[in-house]
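Residue numbers (this note's numbering): 531 to 603.
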């Protein structure tokens, strides 16, 4: 179970998470901006946010981590 499963985010958090997702996607080469990668990056961001992380830089780093690695709190 992911730590954020069933989590509720306020509008400010959702705005931050969406902004981080958009920034990370725009930073990728065009050929890597696929729906599959977008979903994987979103999962990584949500996993990190589920531990309470709200620092945009930390969320961006977590977004590009291998999803098989543990997310540090």
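Built from N, CA and C at the ideal position, the CB exists for glycine as well.
Counting along the chain, where does the alpha helix (DSSP H) carrying residue i start and finish?
{"i": "residue 587", "result": "586-593"}
{"i": "residue 576", "result": "565-579"}
{"i": "residue 608", "result": "Not covered by the structure: residue 608. The range shown for the chain is 531 to 603."}
Comparing alpha-carbon positions, which option in the options lies nearest residue i?
{"i": "residue 574", "options": "552, 541, 538 and 594", "result": "594"}
{"i": "residue 587", "options": "563, 550 and 538", "result": "550"}
Does the beta-carbon of residue i have 16 or more other beta-carbons within 10 angstroms, so that it is buried, or is it exposed?
{"i": "residue 579", "result": "buried"}
Using only the alpha-carbon positions, how far apart do residue i and residue j sit?
{"i": "residue 543", "j": "residue 591", "result": "17 Å"}
{"i": "residue 581", "j": "residue 540", "result": "15 Å"}
{"i": "residue 583", "j": "residue 589", "result": "7 Å"}
{"i": "residue 547", "j": "residue 570", "result": "14 Å"}
{"i": "residue 555", "j": "residue 585", "result": "18 Å"}
{"i": "residue 545", "j": "residue 552", "result": "10 Å"}
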